[in-house]
Amino acid sequence: MRFAAIADIHGNCAALKAVLDDIAALGIRDIVNLGDCFSGPLEADHTGDLLLLLDLTSERTVRGNHDRYLIEMAADQLAASDAHAHRQMSSRHFDWLRKLPFSMVWREEVFLCHATPQDDNVYWLETVSPHAHVTLRPQHEIEALAQGIEQSLILCGHSHIARMVALSDGRLIVNPGSVGCPAYDDDAPFYHKVETGHAMASYAVIEKTEGGWAVTFRNVAYDHMAMSRLAAKNGRPEWASALATGRV
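As structure tokens, then:
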């Protein structure tokens, strides 16, 4: 088994296209998607059309927290990034979102969720201190969140940080990083920033070998400045900075 894992596209269709081209160049046909597909001041409409064309259905895609906001909240209650996406999206995009599960098991061997198996808005592999430090979550806390999952490979996204953590029983948790948003700030649970320090699109290639799961994190260059300029045009300077530099 060899496949690609993508997450956190956030409406960045140019980054998604670059990642898909890279995946195709590697000869990989299977892709799983860990959610947060649309939210952002970019191109939610084009992103949605491409995901539908790829047929990344509910059998290969789970719903992210921002995906959930788009289908559960009234348009006038959405935050800026979600509201921008909502205005661009068509009924077919919303219909696709409504069919996505919170979590799933893919091909009986891989567990997929957006953030944690219990909550789509909590970092699994990271923790945030009251002083805005984002660090690796203690091992016992990571393992507690994985209780009850039988699959040897567990995939999550949400934090936009490419990372893998081995559990004491041999299971592996992998976050492939973010396709379309290399940096952001947030005020929950405390104000903090997540910054990759680069402007490339990120994803992971995962292969089952005789020795276990092998993970390769890949970073793909694309015309990130075009997306940065689009974010600036749409009144989002913090997104423009993030897309240009990987920092906010």
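For the sequence shown, UniProt numbering assigns the number 1 to the initial residue and increments by one for each residue that follows. Where is the CB? At the ideal position from N, CA and C, for every residue including glycine. Small disclaimer: the values here were computed from a predicted structure and weren't measured.
Shown here, TRP124 sits in coil according to DSSP, grouped into three states, outside any helix or strand.
Judged by DSSP in its simplified three-state form, ILE6 adopts strand. Contact between the segment 85–94 and the segment 131–143 is not established, with fewer than three Cβ pairs separated by less than 8 Å.
A Cβ-Cβ distance of about 6 Å is found for the pair PRO176 and ILE6, placing them in contact under the 8 Å criterion. If you compare the alpha carbons of ALA15, ALA201 and GLY40 with that of ASN219, the shortest gap goes to ALA201. Checking the DSSP bridge columns, you'll see CYS113 partnered with SER103. The alpha-carbon of VAL110 is positioned some 18 Å away from that of ALA162. When rounded, the separation of the alpha-carbon atoms in SER39 and GLY48 is 11 Å. For ALA231 against LEU16, the beta-carbon gap comes to about 16 Å, at or over 8 Å, which does not count as contact.
LEU56 places its beta carbon 8 Å or farther from that of LEU97. Nearest Cα to ALA44 within the set GLN151, ASP67 and ALA146: ASP67. With contacts defined by Cβ atoms closer than 8 Å, HIS10 and CYS181 form a contacting pair. At a cut-off of 3 residues, the continuous stretches assigned as beta strand (DSSP E) that sit fully inside the segment 13–88 are 31–33. Exposed is the label assigned to ARG107, since fewer than 16 other Cβ atoms lie within 10 Å of its Cβ.
In the displayed model, ASP187 falls within coil according to three-state DSSP, outside both helix and strand. Between ALA115 and HIS160 a beta carbon distance of about 11 Å is seen, past the 8 Å cut, so the two are scored as non-contacting.
Fully contained in the segment 174–226 are the following beta strand (DSSP E) runs of length 3 or more, in chain order: 183–186, 192–195, 201–209 and 212–220. DSSP places ALA166 inside the beta strand (DSSP E), whose first and last residues are 163–166. Residue environment analysis places TYR191 among the exposed positions, since fewer than 16 neighbouring C-beta atoms fall within 10 angstroms of its C-beta. If you look at ILE154, you'll find it isn't in any alpha helix (DSSP H); it sits in the beta strand (DSSP E) that goes 153–155. If you draw a straight line from the Cα of ILE142 to the Cα of GLU238, it is about 31 Å long. Per DSSP, the beta-bridge partners of VAL134 are VAL128. The beta carbon of THR209 is closer than 6 Å to none in its chain, skipping five residues each way along the sequence. In the DSSP assignment, LEU172 forms a beta bridge with LEU153 and ALA166.
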